[in-house]
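Asker: Structure in structure tokens, see below.
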Amino acid sequence: MKRFFEYLAILIVAAIVFVASSGLWSGLVAALLAAAVAAALALGLWWFLIRRSGNAGAKLDKPLLGIIPDHEGAGPAPAISAAVTPEPYAAIANELAALSETQVLLVTSPNPGQGATTTAVNVAAAASRAGRRVLLIDADPIGRRLSSFNGSGSTPGLFELARGTAGLEEAARMWNLGPNTRMPMIPVGEPEGDTSLATPHLAGVIDRVAERADLVLIDAPSASFDGIPADLAAHADGSILVLPPSGSSNAAQEAANALAEIGAPVVGYVVNRGRPAAAPTGWRMFRRFTATVVLLMAGYAAWTGLSIWTKWLSVERVAIDTQAARIDLAGAAPATASEPDGAIDNADLGPDVIGSTSQTGPIDTFTFETFLILGTDSRSPDTVSGRADVIILVLVPADGSTPGMVSLPRDLFLPNACTSGSTRINAGLNGCGSVASGMELMSINVEDFTGIEVDHVALFDFEGFEDIIDAVGGIEICATNPIRGGRADLELSLPAGCAVYDGETTLKWVRSRKTQELVDGSWRSIPGVNDLARNQRQQDVIVQMFSKMQSMRDPGDLASVVGDLSDAFTLGNSMGIGEAITLAWSMRDIGNAGFSRFKIPVTGHVTTTGAQVLLPTEPFPVVISEYYPDYQASAG
4 MKRFFEYLAI LIVAAIVFVA SSGLWSGLVA ALLAAAVAAA LALGLWWFLI
54 RRSGNAGAKL DKPLLGIIPD HEGAGPAPAI SAAVTPEPYA AIANELAALS
104 ETQVLLVTSP NPGQGATTTA VNVAAAASRA GRRVLLIDAD PIGRRLSSFN
154 GSGSTPGLFE LARGTAGLEE AARMWNLGPN TRMPMIPVGE PEGDTSLATP
204 HLAGVIDRVA ERADLVLIDA PSASFDGIPA DLAAHADGSI LVLPPSGSSN
254 AAQEAANALA EIGAPVVGYV VNRGRPAAAP TGWRMFRRFT ATVVLLMAGY
304 AAWTGLSIWT KWLSVERVAI DTQAARIDLA GAAPATASEP DGAIDNADLG
354 PDVIGSTSQT GPIDTFTFET FLILGTDSRS PDTVSGRADV IILVLVPADG
404 STPGMVSLPR DLFLPNACTS GSTRINAGLN GCGSVASGME LMSINVEDFT
454 GIEVDHVALF DFEGFEDIID AVGGIEICAT NPIRGGRADL ELSLPAGCAV
504 YDGETTLKWV RSRKTQELVD GSWRSIPGVN DLARNQRQQD VIVQMFSKMQ
554 SMRDPGDLAS VVGDLSDAFT LGNSMGIGEA ITLAWSMRDI GNAGFSRFKI
604 PVTGHVTTTG AQVLLPTEPF PVVISEYYPD YQASAG
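Numbers given in the working numbering equal positions in the sequence shown, counted from 1, plus 3.
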């Protein structure tokens, strides 16, 4: 347990160093570098605190009796059942044979689980096979491991001998170690109350055995953790201390001092489960270094993933059911009062325009997975008092071909499922009372125009979008001449040239409809700045934003962006994290040949109320046929 906490402390220090180092730099490579620095420090601490103290018995000033290698299956059973004792135990038995003045020895360790019982039984078996007369005694009433090995029970045993309720002949068991070798063993027995082992009867038994035996080994409790009773030590000439391969020298010294105080001084020590010499030290250190780096990076990835997941769960979601809304709209009376844009006399229009405003065939539900992205100045989709400023449809082909994106002009004059007439498409965000929410009505109107089902809807708030642009480092805007916004509330002012601007300035640029430029000392309206130009700006900003998000190398920055997204977006309930990943993955090539951006051809027109609107001049399937020829064939 102590070793566990030592390793845990080293790992905590490494984690702290990793967090501190990764805060100095950014990016995945920097995170790997920080993990390498932390792992190197952890390796140094391990060497200084643990590995350096590997020979814990060196400071005892006692002889090393032997090293028991770390081999699979090490334990008492192989030594007892095998015809030949493993060499390490035989070597220890030979060392003990040279200690002529120590006949009765305790076998113990500083803490439980360090191999004292295994060592005692195997060394006793080795000495017996070598022809020596050996008695093995189990004196550990807590562990009782030795007594359980021969299967003859633990009573009567040592404590019954001490109380005088059993004799040596009754308490002793004989272990058959081979055709010609048997070894006597006394189990621990059953302690009752404060039974003392320092009784004349037990002392007499041990004295009689010692007169005839060459070696008596007593498997004792751990010296420091459990404590060895002084009345047990009174029967011993000394102790064998079993130590782990990389133990603490202080723990070994404390155990030796405790044994000396009770009259059983250490006569030698054994290193149990030492590392095989065949394993190169450099290779082991490299494996520890690599494992630490992997562990730190795995923890870093898990923490970042949890952070992203937690922030994703905080995104506001609303229930959207366009099929149910269509049924309700069909049964509701047309909301003719909500037609502020007036109407258009079809007699003034050509057949190409009349046939382009909506699709008469069934809605395509298979060719694409679609994402409708709406931008507004109000977060709540059910209480929108304005109209959508951004309407972008992202198409992800089901066959894996190139994704596409089209921006629908906000002034596009299309049939409105709520009014049974036509309105600007962005008016759909107002919804249709209690019949359809704004996000549902926008989805239906877009489906009717494109002939393609809208699978997922996301509504973002411009104010929250500023934080996202700031999080990705701003957006580049290029101007040939100095620019200002035509509306005083936008307060747009840009110098000539290209520069990277923050979210606030970028959104003013995107939303400006009456942009002016300074030419020859005079301000004039920029030619061609209209709803279509604003659509192009919107796409340019989104292209740059996604491109920068794709190039982000620091997972922490990505988590921050997800947090900003959660504050800025409201999602339909059909968009989970899997769909969000699909959207992000489909837009990985945005800005180059791997992503299609297309426009809807339009013509200007004036309604009966004088509203200036835009009308499509080609059906939507024809517009995208250049990019998706197979779709044109299926839609035609």
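For glycine and all other residues, C-beta sits at the position ideal for the given N, C-alpha and C. None of these values were measured; they are calculated from a predicted model.
#1: Counting Cβ pairs closer than 8 Å, one from the segment 215 to 224 and one from the segment 121 to 137, do we hit at least three?
#2: Between which two residues does the beta strand (DSSP E) carrying ILE394 extend?
#3: With distances taken Cα to Cα, identify the nearest neighbour of GLY265 among LEU44, VAL475, LEU109.
#4: Report the CB separation of ALA322 from ASN484 in whole angstroms; it is logged as a contact under 8 Å.
#5: Do THR518 and ILE486 have their C-beta atoms within less than 8 Å of each other?
#6: Using the beta-carbon count (16 or more within 10 Å), is ASN260 buried or exposed?
#7: Per DSSP, which residues does VAL273 bridge with? Please list them.
#8: What is the rounded straight-line gap between the Cα of SER131 and the Cα of SER252?
#9: Are the segment 390 to 405 and the segment 369 to 380 touching by the rule of at least three beta carbon pairs closer than 8 Å?
#10: Measuring only the C-alpha atoms, how far is CYS421 from GLN326?
#11: Quick one, which of VAL522, PHE601, VAL616, PRO632 has its alpha-carbon nearest ASP402's?
#12: Heavy atom of the ligand MN less than 7 Å from the Cβ of ARG540, yes or no?
#13: Quick check: PRO144 and SER225, are their CB atoms within less than 8 Å of each other?
#14: Quick check on VAL475: buried or exposed, where buried means 16 or more other Cβ atoms within 10 Å of its Cβ?
#15: Going straight from the alpha carbon of GLY441 to that of ASP523, what length do you get?
#16: Taking the alpha carbon of ALA100 as the reference point, which residue from ALA201, ALA119, VAL126, LEU432 has its own alpha carbon closest?
#17: Closest to ALA328 by CA distance: which of SER446, PRO72, VAL107, HIS608 is it?
#18: Which whole-angstrom value is the C-beta distance of SER199 and THR111, which I expect to be below 8 Å?
#19: Decide yes or no for the touch test of the segment 601 to 618 against the segment 496 to 504: beta carbon pairs closer than 8 Å, at least 3 of them.
#20: Just to check my reading of the structure: GLU443 and GLU469 have Cβ atoms closer than 8 Å, yes? What is that Cβ distance to the nearest angstrom?
#21: Taking all protein chains shown into account, do 16 or more other C-beta atoms lie within 10 angstroms of the C-beta of PRO182, making it buried, or fewer, making it exposed?
#22: With DSSP run on the structure shown, which of helix, strand or coil describes TYR630?
#23: Could you name the residues that DSSP lists as bridge partners for GLN256?
#24: According to DSSP, is ASP473 helix, strand or coil?
#25: Quickly, what does DSSP pair ARG320 with across the bridge? List them, please.
#26: Please list the terminal residues of the continuous alpha helix (DSSP H) segment that includes PHE452.
#27: May I have the straight-line CA-CA distance separating LEU235 from LEU205, to the nearest angstrom?
#28: In the DSSP assignment, what are the bridge partners of GLN615?
#29: Shortest alpha-carbon distance to ASN419 belongs to which of GLY488, ALA333, THR405?
#30: Per DSSP, MET186 is paired with what?
#31: Taking C-beta to C-beta, are VAL269 and PRO248 nearer than 8 Å?
#32: If I'm right that PRO370 touches TYR634 with Cβ under 8 Å, what's the distance once you round it to whole angstroms?
#33: For PRO619, count neighbouring Cβ atoms within 10 angstroms of its own Cβ and tell me buried if that reaches 16, exposed if not.
#34: Would you call the CB atoms of GLU450 and ILE366 closer than 8 Å?
#35: If you run the structure through DSSP and keep just helix, strand and coil, what is GLY116?
#36: So what's ASN419 in DSSP terms, helix, strand or just coil?
Answerer: With the given structure in hand:
#1: yes
#2: 393 to 400
#3: Note on identity: in this sequence residue 265 is Ile, with Gly being the wrong assignment. Nearest option by C-alpha distance: LEU109.
#4: That pair is no contact at about 48 Å.
#5: yes
#6: exposed
#7: GLY69, VAL245
#8: 32 Å
#9: yes
#10: 14 Å
#11: PRO632
#12: With respect to the ligand MN, the structure offers nothing, as it holds no ligand at all.
#13: no
#14: buried
#15: 46 Å
#16: VAL126
#17: SER446
#18: At roughly 19 Å, the Cβ-Cβ gap does not stay under 8 Å, so SER199 and THR111 are not in contact.
#19: no
#20: The Cβ separation is near 27 Å, so there is no contact.
#21: exposed
#22: coil
#23: According to DSSP, GLN256 bridges with nothing at all.
#24: helix
#25: LEU574
#26: 441 to 453
#27: 10 Å
#28: VAL609
#29: ALA333
#30: TRP178
#31: no
#32: The sequence shown places Thr at residue 370, rather than the Pro named in the question. At roughly 5 Å, the Cβ-Cβ gap stays under 8 Å, so THR370 and TYR634 are in contact.
#33: buried
#34: yes
#35: coil
#36: strand
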